[in-house]
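Everything below concerns the one structure shown next.
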Amino acid sequence: MIFALAATFLTDLSSFVSDNFDELLAGLRRTLVVSAIAIVGAFVIGLILGAARAHRIPVISQLAAIYVEVIRNTPILVQIFFLYFGLPQVGVRLDAFTVAWLAVTIWGGAFNTENFRAGFEAVPTRYREAGFALGFGRIATFLNVTLPIGGRIALPSSINTYISVLKNTSLMYVIAYPELTTTALQIQALTLETVETFTVLAVTYLTLVWTMSALIRLLESRLALPEERS
Amino acid sequence: MPDWVEPVARYMLEEGLVGTLRIAAIALAGSVLVGITLGTLLTIKFLPLRSLIRLYIEVWRGLPILVTIFIIFFMLPAVSQQLEFDALTAAAIGLILWGSAQVAEATRGAVQSIPREQHEAASALGFGWIGRHSFVIMPQALRRLLPPLVSLLVNIIQNTTIAQVIGATELLEAGERQSERLVAPEPIGLGEIHAFEIYAGVMVVFFLISFPLTRLAAYLERRLV
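Sequences listed follow chains B and W, in order.
94 is the number that numbering that gives the first Met the number 0 gives to position 95 of the first sequence; each next residue is one higher, with no gaps.
60 is the number that numbering that gives the first Met the number 0 gives to position 61 of the second sequence; each next residue is one higher, with no gaps.
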């Protein structure tokens with residue numbers, strides 16, 4: 000009886016997927032594109048501002064601190080509303096795609112600044128002193144000593160930020176950007192195949208997120224500092 | 000200050016902020032209760048139970064909260080008529096599923112950080128498993144759990160805004176309603192757009208609540224470790 004029900008459901012599910020395959024794939028592709036842009040952007044922002052914070056570079060460090068606190072202490076959904084519905088009033092009109100990648104880039108960049116700051120600050124001062132003693136300048140010491148060591152320390156927390164970035168792209172539903180969640184709800188509204196829609200949606204997100212967390216564990220053991228490798 | 004501000008701000012605070020705090024309070028209480036129970040059970044070395052709780056944690060932590068809330072609000076009623084919830088309840092359940100997964104993970108770490116001598120001493124005094132955990136282990140683990148719980152509260156408060164998507168009355172939804180009302184011609188609205196000020200205001204209110212709490216979490220982290 001249970002097997003028969005499960006078999007029926009699986010048949011429903013596979014016909015649902017094949018009926019809506021092109022739309023679902025297009026939605027998934029947009030989710031991945033927006034996430035990829037934001038991950039690269041958040042990496043660059045985090046690297047530069049994290050270094051500025053850790054080395055207490057005047058003015059940039061303080062501005063970065065304000066940026067981080069404002070973004071981390073306000074909900075990302077409100078930030079999206081502000082960018083998409085608030086800014087046009089002052090003449091700044093951004094289309095849904097721009098808001099989609101911009102919002103998660105700004106958000107991920109703020110969290111990544113903290114990740115990289117903590118990573119760079121965890122590098123023992125004596126390593127940097129050794130760099131100076133070898134005749135490296137400040138920038139060369141950062142690139143050859145602080146970055147390789149601090150970057151590895153920051154890696155797990157920064158990948159967690161990238162996972163959150165991917166999950167947060169689902170919020171683009173509110174600006175009707177047709178990524179995975181928006182696409183799934185459009186299909187649901189059309190077909191009324193509610194259970195199938197949300198099963199496919201949930202399974203897709205879990206596959207993406209679990210793959211990324213598995214990647215963290217893999218990278219952690221591959222990139223671990225020699226002294227922490229077991 | 001222009002005339003339109005006062006009624007808008009009053010509605011957003013009296014209806015919106017109160018709704019936000021209500022959802023946050025329910026979600027926090029539920030997350031802590033379910034999370035601490037599951038996290039403690041996770042330390043028992045019984046594989047089927049552990050795998051079940053692990054699955055619970057990984058699923059609700061892995062899904063975007065918006066998708067979880069959609070599943071509760073749209074999918075459950077399609078499965079059974081009895082599983083139909085209003086927007087506020089559905090949002091609270093979604094946040095509890097996500098929050099309890101976070102708390103369970105933190106609790107497991109905190110409980111396992113308590114030295115085994117504490118377990119042995121409590122057993123020697125005649126406590127059973129429940130007594131041992133509620134009177135000896137948990138009070139000590141709570142100290143370590145406090146900083147992550149304050150961070151969780153900040154995250155829950157911020158994530159209550161996701162309830163806006165299914166139309167629950169909270170601060171962002173209240174702001175959106177007022178913003179739309181002001182666009183309407185008189186006498187309902189003013190025929191003016193004030194979305195910029197309203198959403199900036201929503202951000203300010205959330206910042207004023209969150210910022211002291213994140214400071215507190217950082218302070219507790221330094222003090223209690």
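We put the CB at the ideal spot given by N, CA and C, even for glycine.
Do we get a CB-CB distance below 8 Å when we pair Gln88(B) with the residues of chain W?
If you number the first sequence from 1, residue 88(B) lands on position 89. Closer than 8 Å to some Cβ of chain W, the Cβ of Gln88(B) qualifies, so yes.
Classify Arg222(W): buried if its beta carbon has 16 or more other beta carbons within 10 angstroms, exposed otherwise.
Translated into the one-based positions of the second sequence, residue 222(W) becomes position 223. Classification of Arg222(W): exposed, given that the 10 Å Cβ count is below 16.
Might you give, ordered along the chain, the residues of its own chain that have their beta carbon closer than 6 Å to the beta carbon of Arg60(W), omitting 5 neighbours on each side?
Numbered from 1 along the second sequence, position 61 holds the residue referred to as residue 60(W). Ala100, listed in sequence order.
Leu37(W), DSSP secondary structure in three states:
On the second sequence, position 38 is the one that residue 37(W) refers to. Correct three-state label for Leu37(W): helix.
To the nearest angstrom, how far is it from the Cα of Ser229(B) to the Cα of Leu154(B)?
Residue numbering aside, residue 229(B) sits at position 230 when the first sequence is read from its first letter. Residue numbering aside, residue 154(B) sits at position 155 when the first sequence is read from its first letter. Since pLDDT at Ser229(B) reaches only 49, below the 50 mark, its modelled position is unreliable, and the value read off the structure follows with that caveat. The straight-line gap from Cα to Cα measures roughly 18 Å.
Return the chain-ordered list of same chain residues with a C-beta closer than 8 Å to the C-beta of Thr106(W), the five sequence neighbours on each side being excluded.
Here residue 106(W) is taken as the residue at index 107 of the second sequence, counted from 1. Around Thr106(W): Gly34, Ile35, Leu37, Gly38, Thr39, Leu41, Ala140 and Leu144.
Pull up the distance between the alpha-carbon of Arg49(W) and that of Leu31(B), whole angstroms please.
Start at 1 with the first residue of the second sequence, and residue 49(W) comes out as number 50. Start at 1 with the first residue of the first sequence, and residue 31(B) comes out as number 32. For Arg49(W) and Leu31(B), the distance between alpha carbons rounds to 33 Å.
Going by alpha carbons, who is nearest to Gly15(W) out of Glu172(W), Pro211(W) and His193(W)?
Reading the second sequence from its first residue, position 16 is the one you call residue 15(W). For Gly15(W), the nearest C-alpha among the options comes from Glu172(W).
Ala129(B), DSSP secondary structure in three states:
The residue you call residue 129(B) lines up with position 130 of the first sequence. The answer is helix: DSSP assigns Ala129(B) an H, G or I state.
Excluding sequence positions up to five away, which residues of its chain have a Cβ less than 7 Å from the Cβ of Thr193(B)?
Taking the first residue of the first sequence as position 1, residue 193(B) is located at position 194. For Thr193(B), where only same-chain residues beyond five positions count, the Cβ hits under 7 Å are Gln187.
CA-to-CA distance, Gly200(W) to Ile213(W), given in whole angstroms
Numbered from 1 along the second sequence, position 214 holds the residue referred to as residue 213(W). Numbered from 1 along the second sequence, position 201 holds the residue referred to as residue 200(W). In the sequence under discussion, the amino acid at residue 213(W) is Thr, which differs from the Ile named in the question. Cα to Cα, the separation comes out at about 20 Å.
Neighbour flag for Gln163(W) against chain B, beta carbons, 8 Å:
In the second sequence, residue 163(W) corresponds to position 164, counting from 1. Yes, because at least one Cβ of chain B sits closer than 8 Å to the Cβ of Gln163(W).
Run through chain W and tell me which residues come within less than 7 Å of Phe42(B), C-beta to C-beta.
Walking along the first sequence from the start, residue 42(B) turns up at place 43. Near Phe42(B) there are no residues of chain W at all, since even the closest Cβ is about 21 Å away, more than 7 Å.
His118(W) to Phe45(W) span [Cα, whole Å]:
As a first step, residue 118(W) is located in the second sequence; it is residue number 119 there, counting from the start. As a first step, residue 45(W) is located in the second sequence; it is residue number 46 there, counting from the start. Straight through space, the alpha carbons of Phe45(W) and His118(W) are spaced by roughly 18 Å.
With respect to the alpha helix (DSSP H) encompassing Ile158(B), which residues constitute its N-terminal and C-terminal limits?
Residue numbering aside, residue 158(B) sits at position 159 when the first sequence is read from its first letter. Leu146 to Asn167 is the extent of the alpha helix (DSSP H) around Ile158(B).
Please state whether the Cβ-Cβ distance between Trp239(B) and Ala37(B) is less than 8 Å.
Look at the range of chain B in this structure, 0 to 229, and you will see that residue 239(B) is not part of it.
Since Ala41(B) contacts Thr160(B) with CB under 8 Å, what's their CB separation in whole angstroms?
Within the first sequence, the letter at position 42 stands for residue 41(B). Within the first sequence, the letter at position 161 stands for residue 160(B). Between Thr160(B) and Ala41(B) the Cβ distance is about 7 Å, and since that is below 8 Å, they are a contact.
Assuming the contact rule is C-beta atoms closer than 8 Å, Met202(W) and Phe81(B) should be a hit. Round their C-beta distance to whole Å, please.
Walking along the second sequence from the start, residue 202(W) turns up at place 203. Walking along the first sequence from the start, residue 81(B) turns up at place 82. Sure, about 6 Å apart at Cβ, within 8 Å.
Is the Cβ of Tyr10(W) closer than 8 Å to any Cβ of chain B?
Here the question's residue 10(W) lines up with position 11 in the second sequence. It does not: the Cβ of Tyr10(W) has no partner Cβ on chain B nearer than 8 Å.
Does the beta-carbon distance from Val33(B) to Val103(B) come in below 8 Å?
Along the first sequence, read from residue 1 onward, the residue named residue 33(B) stands at position 34. Along the first sequence, read from residue 1 onward, the residue named residue 103(B) stands at position 104. Yes, Cβ-Cβ distance for Val33(B) and Val103(B) is below 8 Å.
Between which two residues does the alpha helix (DSSP H) holding Asn19(B) run?
Here the question's residue 19(B) lines up with position 20 in the first sequence. Run containing Asn19(B): none; DSSP gives neither H nor E here.
Closest residue to Glu83(W) among Ala121(W), Gly125(W) and Ile68(W) (Cα-Cα distance):
If you number the second sequence from 1, residue 83(W) lands on position 84. Checked all of Ala121(W), Gly125(W) and Ile68(W); the closest Cα to Glu83(W) is Ile68(W).
Does any C-beta atom of chain B lie closer than 8 Å to the C-beta of Ile68(W)?
The residue labelled residue 68(W) in the question sits at position 69 within the second sequence. No, Ile68(W) lies away from the interface with chain B (no Cβ there is under 8 Å from its Cβ).
Rounded straight-line distance, which links the Cα of Thr210(B) to that of Pro147(B):
Working through the first sequence from its first residue, we reach residue 147(B) at position 148. Working through the first sequence from its first residue, we reach residue 210(B) at position 211. Near 25 Å, if we compare the C-alpha coordinates of Thr210(B) and Pro147(B).
Arg116(B), buried or exposed, once every other Cβ within 10 Å from all chains shown has been counted against 16
Residue numbering aside, residue 116(B) sits at position 117 when the first sequence is read from its first letter. Buried, because 16 or more other Cβ atoms sit within 10 Å of the Cβ of Arg116(B).
If distances are taken between C-alpha atoms only, which option among Leu152(W), Ser122(W), Ile156(W) and Ile113(W) comes closest to Pro138(W)?
Numbered from its first residue, the second sequence carries residue 138(W) at position 139. Closest by alpha carbon: Ile113(W).
Any C-beta of chain B sitting closer than 8 Å to the C-beta of Gln80(W)?
The residue given as residue 80(W) occupies position 81 in the second sequence. No, because no Cβ of chain B sits closer than 8 Å to the Cβ of Gln80(W).
What residues from chain B crowd round Tyr198(W), counting only those whose CB sits closer than 7 Å?
The residue labelled residue 198(W) in the question sits at position 199 within the second sequence. Within chain B, Val77, Phe80, Phe81, Phe84 and Gly85 have C-beta atoms less than 7 Å from the C-beta of Tyr198(W), given in sequence order.
Closer than 9 Å between beta carbons: that is the criterion. Which residues of the region 91-114 of chain W meet it against chain B?
none
Run of the alpha helix (DSSP H) containing Ala217(W), from where it starts to where it stops:
Position 218 of the second sequence, counted from the start, is the residue given in the question as residue 217(W). First-last of the alpha helix (DSSP H) with Ala217(W): Ala194 to Leu223.
Local conformation of Trp3(W) per DSSP, three classes:
Locating residue 3(W) in the second sequence gives position 4, where the first residue counts as 1. Residue state, collapsed to three classes: coil.
Can we count Val39(B) as close to the ligand PLP, meaning its CB is less than 7 Å from some heavy atom?
Of the ligands one can find in the structure shown there are none, so the ligand PLP has no counterpart to examine.
Can you give me the C-alpha to C-alpha distance between Gly29(W) and Ile95(W), rounded to a whole angstrom?
The sequence position of residue 29(W) within the second sequence is 30, counting from 1. The sequence position of residue 95(W) within the second sequence is 96, counting from 1. Distance between the alpha carbons of Gly29(W) and Ile95(W): 6 Å.
Do Val164(W) and Leu200(B) have their CB atoms nearer than 8 Å?
The sequence position of residue 164(W) within the second sequence is 165, counting from 1. The sequence position of residue 200(B) within the first sequence is 201, counting from 1. Cβ atoms of Val164(W) and Leu200(B): not closer than 8 Å.
Nearest-angstrom Cα distance between Val204(W) and Leu4(B)?
As a first step, residue 204(W) must be located in the second sequence, where it is residue number 205. As a first step, residue 4(B) must be located in the first sequence, where it is residue number 5. The straight-line gap from Cα to Cα measures roughly 50 Å.
Within 8 Å of any Cβ in chain B, is that where the Cβ of Phe84(W) sits?
Counting from one through the second sequence, the residue named residue 84(W) turns up at place 85. By this cut-off, Phe84(W) is not an interface position.
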